[in-house]
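> Here's a structure for you.
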Amino acid sequence: MKRLFLLVALALSFSCAPVRGNDIMEKIALYIPNRLIDALDMFSFSLGVGPVLEARLMGTRFVDVGAGASLYCCKIYKNHNRQYGFGAEEGWYWSFIFMGEESFSMLSSTGLVAKYVEDRAGVPDPTTRTYDFFDGPRDYWAIGGALGGLVDGDVYIHPMEWIDFALGFFLIDIKNDDLVFDDFR
């Protein structure tokens, strides 16, 4: 019965989008690496040092409580949208539920960490480039928190990545971030 369910699910997933002949082979050949990478995408963290003071609890950017300020904090990142590396950030923010202000900059970075500036007042807008679902440096839907005082760290889970991970078992890639053979050329 499980095999029948799996075959039906695979047939449905292949019928959801136009498929080239090589797409099926790519999906099968890269199935396990893509599931492992999707599992790593489900969370992010950073750890850094510098003159920083912050405390934050976040249940998406819309439900965010906390405040923080950083003069220059050097961090190591395993961040949203596969940002891995080192960076230096500065800025300040305060937030209470859905209202707040922020002036934050990723000053410099190495590896795959994106540089960006976020200046806002009021409710965060999920349609800005910073929160772009496919390649934005920040996740609007992240849930987690940050705590810092000279040593700063944060941990977040990413609900949309959890959905991408679960659907990936049926070869559905809503983030369009699975590896393909062209990535290795």
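In the working numbering, the protein residues as written are 35 to 219. By construction, the Cβ of each residue, glycine as well, lies at the ideal position given by its N, Cα and C atoms.
(1) Give me, in chain order, the residues of the same chain whose beta-carbon lies closer than 6 angstroms to that of Val-185; leave out the 5 immediate sequence neighbours on both sides.
(2) Candidates Ile-58, Val-147, Asp-159: which alpha carbon is nearest Lys-224's?
(3) Which first and last residues belong to the beta strand (DSSP E) in which Ile-131 is found?
(4) Here's the rule I'm using: 16 or more other beta-carbon atoms within 10 Å means buried, otherwise exposed. How should Ser-129 be labelled?
(5) Does the Cβ of Ala-73 have 16 or more other Cβ atoms within 10 Å, making it buried, or fewer, making it exposed?
(6) Distance check for Glu-135 and Ala-63, CA to CA, integer angstroms please.
(7) Which of the three DSSP states is assigned to Ile-197 in this structure?
(8) Relative to the C-alpha of Gly-183, which residue among Ala-103, Asn-68, Thr-94 is closest?
(9) May I have the straight-line CA-CA distance separating Gly-202 from Pro-193, to the nearest angstrom?
(10) Whose CA, out of Gly-187, Lys-109, Val-97, Ile-177, lies closest to the CA of Leu-141?
The short version:
(1) Val-83
(2) There is simply no residue 224 to check, as the chain begins at 35 and stops at 219 in what is shown.
(3) 117–131
(4) buried
(5) exposed
(6) 47 angstroms
(7) helix
(8) Ala-103
(9) 14 angstroms
(10) Lys-109
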